[in-house]
(Lines of atoms letter the chains of each structure in order from A and count residues from 1; the text may use other names and numbers.)
(Lines give C-alpha, C1' and ligand atoms only; values in the text may rest on other atoms or scores of the structure.)
Protein backbone atom coordinates (compact mmCIF):
# COMPACT_ATOMS: atom_id res chain seq x y z
CA UNK A 1 0.00 0.00 0.00
CA UNK A 2 1.51 3.34 -1.02
CA UNK A 3 2.41 5.85 1.68
CA UNK A 4 -0.13 8.46 0.51
CA UNK A 5 -2.91 5.88 0.41
CA UNK A 6 -2.09 4.60 3.90
CA UNK A 7 -2.08 8.11 5.38
CA UNK A 8 -5.62 8.72 4.05
CA UNK A 9 -7.06 5.68 5.77
CA UNK A 10 -9.03 5.80 9.02
CA UNK A 11 -7.46 4.10 12.06
CA UNK A 12 -9.51 0.86 11.79
CA UNK A 13 -8.65 0.66 8.08
CA UNK A 14 -4.95 1.16 8.86
CA UNK A 15 -5.15 -1.55 11.50
CA UNK A 16 -6.93 -3.89 9.08
CA UNK A 17 -4.25 -3.28 6.45
CA UNK A 18 -1.56 -3.81 9.09
CA UNK A 19 -2.77 -7.21 10.27
CA UNK A 20 -3.17 -8.30 6.66
CA UNK A 21 0.40 -7.17 5.93
CA UNK A 22 1.60 -9.22 8.89
CA UNK A 23 -0.32 -12.28 7.73
CA UNK A 24 1.00 -11.91 4.19
CA UNK A 25 4.54 -11.56 5.51
CA UNK A 26 4.21 -14.73 7.57
CA UNK A 27 2.66 -16.65 4.68
CA UNK A 28 5.44 -15.51 2.35
CA UNK A 29 8.06 -17.03 4.67
CA UNK A 30 6.31 -20.37 5.15
CA UNK A 31 6.83 -23.47 3.02
CA UNK A 32 4.80 -23.86 -0.14
CA UNK A 33 1.50 -25.51 0.61
CA UNK A 34 0.82 -23.42 3.72
CA UNK A 35 -1.85 -21.35 1.94
CA UNK A 36 -3.49 -24.54 0.69
CA UNK A 37 -3.42 -26.12 4.18
CA UNK A 38 -4.84 -22.92 5.65
CA UNK A 39 -7.63 -22.78 3.07
CA UNK A 40 -8.51 -26.42 3.75
CA UNK A 41 -8.52 -25.89 7.54
CA UNK A 42 -10.79 -22.87 7.15
CA UNK A 43 -13.08 -24.74 4.76
CA UNK A 44 -12.47 -22.06 2.13
CA UNK A 45 -10.75 -21.89 -1.23
CA UNK A 46 -7.28 -20.45 -1.74
CA UNK A 47 -8.65 -17.20 -3.17
CA UNK A 48 -10.20 -16.48 0.25
CA UNK A 49 -6.76 -16.82 1.85
CA UNK A 50 -5.36 -14.45 -0.79
CA UNK A 51 -8.10 -11.91 0.01
CA UNK A 52 -7.61 -12.02 3.77
CA UNK A 53 -3.84 -11.67 3.34
CA UNK A 54 -4.00 -8.77 0.90
CA UNK A 55 -4.07 -5.26 2.45
CA UNK A 56 -5.67 -3.89 -0.73
CA UNK A 57 -8.87 -5.85 0.00
CA UNK A 58 -11.19 -4.73 2.79
CA UNK A 59 -12.35 -8.30 3.47
CA UNK A 60 -11.79 -8.76 7.23
CA UNK A 61 -10.65 -11.99 8.79
CA UNK A 62 -13.59 -13.47 10.71
CA UNK A 63 -12.78 -13.64 14.43
CA UNK A 64 -13.55 -17.37 14.53
CA UNK A 65 -10.65 -17.97 12.09
CA UNK A 66 -7.98 -15.98 13.93
CA UNK A 67 -6.71 -18.69 16.28
CA UNK A 68 -6.61 -21.28 13.51
CA UNK A 69 -4.65 -18.89 11.29
CA UNK A 70 -2.18 -18.18 14.08
CA UNK A 71 -1.82 -21.91 14.71
CA UNK A 72 -1.33 -23.06 11.13
CA UNK A 73 0.93 -20.19 10.08
CA UNK A 74 3.19 -20.47 13.16
CA UNK A 75 3.43 -16.76 13.97
CA UNK A 76 6.39 -15.79 16.11
CA UNK A 77 5.44 -14.47 19.56
CA UNK A 78 6.30 -10.90 18.53
CA UNK A 79 4.41 -11.03 15.23
CA UNK A 80 1.48 -12.74 16.91
CA UNK A 81 1.23 -9.96 19.51
CA UNK A 82 1.45 -7.27 16.82
CA UNK A 83 -1.14 -9.07 14.67
CA UNK A 84 -3.59 -9.38 17.58
CA UNK A 85 -3.07 -5.74 18.57
CA UNK A 86 -3.85 -4.59 15.01
CA UNK A 87 -6.82 -6.97 14.78
CA UNK A 88 -8.30 -5.63 18.01
CA UNK A 89 -7.78 -2.05 16.82
CA UNK A 90 -9.49 -2.84 13.51
CA UNK A 91 -12.36 -4.78 15.08
CA UNK A 92 -12.94 -3.69 18.69
CA UNK A 93 -14.85 -6.26 20.73
CA UNK A 94 -14.81 -9.01 18.08
CA UNK A 95 -11.89 -10.92 19.48
CA UNK A 96 -12.96 -12.05 22.92
CA UNK A 97 -11.29 -15.18 24.18
CA UNK A 98 -9.90 -16.53 20.93
CA UNK A 99 -6.30 -16.27 22.05
CA UNK A 100 -6.88 -18.59 24.98
CA UNK A 101 -8.38 -21.48 23.06
CA UNK A 102 -6.61 -24.82 23.11
CA UNK A 103 -4.16 -25.59 20.35
CA UNK A 104 -5.52 -27.59 17.48
CA UNK A 105 -4.12 -30.84 16.27
CA UNK A 106 -4.47 -32.51 12.89
CA UNK A 107 -6.68 -35.54 12.50
CA UNK A 108 -6.97 -37.36 9.20
CA UNK A 109 -10.34 -38.55 7.95
CA UNK A 110 -10.61 -40.68 4.83
CA UNK A 111 -13.52 -39.61 2.67
CA UNK A 112 -14.88 -41.09 -0.52
CA UNK A 113 -13.51 -39.74 -3.79
CA UNK A 114 -16.47 -38.76 -5.93
CA UNK A 115 -14.27 -38.44 -9.02
CA UNK A 116 -15.39 -34.83 -9.28
CA UNK A 117 -13.26 -32.02 -7.84
CA UNK A 118 -16.25 -29.77 -7.09
CA UNK A 119 -18.16 -32.49 -5.22
CA UNK A 120 -15.00 -33.49 -3.33
CA UNK A 121 -14.44 -29.87 -2.23
CA UNK A 122 -18.08 -29.57 -1.13
CA UNK A 123 -17.69 -32.70 1.00
CA UNK A 124 -14.42 -31.40 2.47
CA UNK A 125 -16.12 -28.11 3.35
CA UNK A 126 -19.09 -29.91 4.95
CA UNK A 127 -16.83 -32.04 7.13
CA UNK A 128 -14.66 -29.03 8.09
CA UNK A 129 -17.77 -26.97 8.99
CA UNK A 130 -19.15 -29.85 11.05
CA UNK A 131 -15.91 -30.20 13.02
CA UNK A 132 -15.72 -26.42 13.60
CA UNK A 133 -19.33 -26.47 14.85
CA UNK A 134 -18.49 -29.33 17.22
CA UNK A 135 -15.54 -27.37 18.59
CA UNK A 136 -17.69 -24.26 19.08
CA UNK A 137 -20.36 -26.35 20.79
CA UNK A 138 -17.80 -27.80 23.15
CA UNK A 139 -16.81 -24.27 24.22
CA UNK A 140 -20.37 -23.31 25.22
CA UNK A 141 -21.14 -23.32 28.90
CA UNK A 142 -24.04 -25.50 29.97
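Residue numbers (my numbering): 55 to 196. We put the CB at the ideal spot given by N, CA and C, even for glycine. Computed from a prediction, not measured in an experiment: that's the story for all the values here.
Member of the options whose CA lies at the smallest distance from the CA of residue i
{"i": "residue 113", "options": "172, 132, 70", "result": "70"}
{"i": "residue 162", "options": "73, 91, 72", "result": "91"}
{"i": "residue 124", "options": "108, 165, 78, 98", "result": "78"}
{"i": "residue 119", "options": "194, 195, 190", "result": "190"}
For residue i, the three-state DSSP class (helix, strand or coil)
{"i": "residue 123", "result": "helix"}
{"i": "residue 183", "result": "helix"}
{"i": "residue 103", "result": "helix"}
{"i": "residue 111", "result": "coil"}
{"i": "residue 87", "result": "coil"}
Same chain, Cβ closer than 7 Å to residue i, neighbours up to 5 away in sequence not counted
{"i": "residue 134", "result": "124"}
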